[in-house]
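Numbering (this note's numbering), first residue to last: 215 to 446. A short write-up of the structure that comes next.
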Amino acid sequence: MGRDVIIACDFDSKEKTLAFLDKFEGKKPFVKIGMELYYSAGPEIVREIKARGHKIFLDLKLHDIPNTVKKSMAVLKNLDVDMTNLHAAGTKNMMKAALEGLTRDDGTHPLLIAVTQLTSTDQESMENDLLIKEPIDKVVMHYAKCAEESGLDGVVCSPLEAQKVHDTCGKNFVTVTPGVRFADGDKGDQKRVMTPAQAKEIGSDYIVVGRPITAAEDPVAAYERCVREFVD
Ligand code: C5P
215 MGRDVIIACD FDSKEKTLAF LDKFEGKKPF VKIGMELYYS AGPEIVREIK
265 ARGHKIFLDL KLHDIPNTVK KSMAVLKNLD VDMTNLHAAG TKNMMKAALE
315 GLTRDDGTHP LLIAVTQLTS TDQESMENDL LIKEPIDKVV MHYAKCAEES
365 GLDGVVCSPL EAQKVHDTCG KNFVTVTPGV RFADGDKGDQ KRVMTPAQAK
415 EIGSDYIVVG RPITAAEDPV AAYERCVREF VD
């Protein structure tokens, strides 16, 4: 497992996505396909991007009863993505079932990553809406530990949590961190951000970068800057 930059391809059509990827010519960045693109372009867009030689993180955040998640993961397995995810709030039974569904005949599986508490959830909304009264960082670490005990490969977390996740779950437990911005860039709606260099420093394994690349005047140059700061 190596450090890598994952581009969040948050587009609403196949055409826009492929036009964006065409700019990269010979390069094959790791791409994230989320709900917006998947719900508009379906499994076909996954197959097409895979056939072009990109690694894919399919970010669909499954959360349902264990049997449904297991069977859905068994379908996603056939798309041959490199990474996919679910909500740890679905419980350990759901996470274990998901892993079973995703596991290929040869015993291997794409990286399976858990979402702990979404970064859009704060202490107040967690207490008032979810009736969870513990401090949010303790809840995040507990969910990460549950994911690790269920056999999952890692978690999506804020770059600020990555180090603690590694301390709690081991250095091989993968941390995938969005909320990355260039030091001289626009934060957009992300509140707690880190630069690619800081994310490297605190030990993130993968950074997920959307608008700093997709909305850049020169997306290829922005991607290369991320790689220089985070990977090299
Ligand atoms: O454009 P930006 O760099 O903010 O994109 C970040 C990507 O990471 C988006 O696809 C967003 O949905 C995703 N994400 C996030 N925070 C989380 C989980 C996923 O920003 N906690």
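We put the beta carbon where it would ideally sit given N, CA and C, even for glycine.
Report the partner residues of residue i according to the DSSP bridge assignment.
i    : result
M408 : V394
K246 : A222, F271
M297 : F271, L325
L276 : L300
T389 : V369
Between which two residues does the beta strand (DSSP E) carrying residue i extend?
i    : result
A265 : Per DSSP, A265 belongs to no beta strand (DSSP E); it is in the alpha helix (DSSP H), 249-265.
I421 : 420-423
V370 : 368-370
Is it buried or exposed, residue i, if we count other Cβ atoms within 10 angstroms and call 16 or more buried?
i    : result
A302 : buried
S364 : buried
I421 : buried
L332 : exposed
S372 : buried
P349 : exposed
K284 : buried
V369 : buried
S334 : exposed
M249 : exposed
V379 : buried
V407 : buried
I279 : exposed
G393 : buried
Which whole-angstrom value is the C-beta distance of residue i and residue j, which I expect to be below 8 Å?
i    : j    : result
G304 : H277 : 5 Å
L251 : M297 : Not really, about 15 Å apart at Cβ, beyond 8 Å.
K242 : I220 : With 8 Å as the limit, K242 and I220 do not qualify as a contact, their Cβ atoms being about 12 Å apart.
L313 : L293 : Between L293 and L313 the Cβ distance is about 16 Å, and since that is not below 8 Å, they are no contact.
Which residues bound the alpha helix (DSSP H) around residue i?
i    : result
G315 : 306-316
A435 : 433-444
K230 : 228-236
A429 : Segment: none, A429 is in no alpha helix (DSSP H) and carries neither H nor E.
K401 : Premise fails: K401 is in no alpha helix (DSSP H) and is neither H nor E.
L344 : 337-344
T382 : 376-383
K359 : 350-363
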